[in-house]
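Undergrad:
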């Protein structure tokens, strides 16, 4: 399968990512606690070596605010890829 650059679309970058989503009304303190606990697990060397690195996952551990800002940027990227592909929804 050709890369985007090989297809003449060098400006498109596409990376798979995972994130946790919670209800918008969740209290900020709960969000902070979930982030802290997940960041602790992702930083654990045993977990990283057994579960993440063998699968080529590289957790970034961004903050909830950084993740919230990431989502709209990713939606724009995905929309650009769909538009450039010519895909049509029926």
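Numbering (our numbering), first residue to last: 48 to 137. We put the beta carbon where it would ideally sit given N, CA and C, even for glycine.
1) Measure the alpha-carbon distance for residue 125 versus residue 55 and round it to whole angstroms.
2) Helix, strand or coil: how does DSSP classify residue 91 here?
3) Between the alpha carbons of residue 81 and residue 113, how many angstroms are there, rounded?
4) Pairs of beta-carbons, one from the stretch 84-91 and one from the stretch 101-108, closer than 8 angstroms: are there three or more?
5) Can you round the beta-carbon distance between residue 67 and residue 85 to whole angstroms, since I take them to be within the 8 angstroms contact cut?
6) Going straight from the alpha carbon of residue 97 to that of residue 103, what length do you get?
7) From 59, 53, 48, 50, pick the residue whose C-alpha is nearest to that of residue 130; which is it?
TA: This is what the structure gives:
1) Indexing the chain shown from 1 puts residue 125 at position 78. Indexing the chain shown from 1 puts residue 55 at position 8. Rounded to the nearest angstrom, the two C-alpha atoms are 17 angstroms apart.
2) In the chain shown, residue 91 corresponds to position 44, counting from 1. Looking at residue 91 - three-state DSSP - the assignment turns out to be coil, as it is neither helix nor strand.
3) On the chain shown, position 34 is the one that residue 81 refers to. On the chain shown, position 66 is the one that residue 113 refers to. Their Cα atoms are separated by approximately 15 angstroms.
4) Yes: the two stretches touch, three or more of their Cβ pairs being nearer than 8 angstroms.
5) Along the chain shown, one-based indexing puts residue 67 at 20. Along the chain shown, one-based indexing puts residue 85 at 38. Contact holds; Cβ gap of about 7 angstroms.
6) Locating residue 97 in the chain shown gives position 50, where the first residue counts as 1. Locating residue 103 in the chain shown gives position 56, where the first residue counts as 1. In a straight line, the C-alpha of residue 97 is about 11 angstroms away from that of residue 103.
7) By one-based count along the chain shown, residue 130 stands at place 83. Looking at the Cα atoms, 59 is the closest of the given residues.
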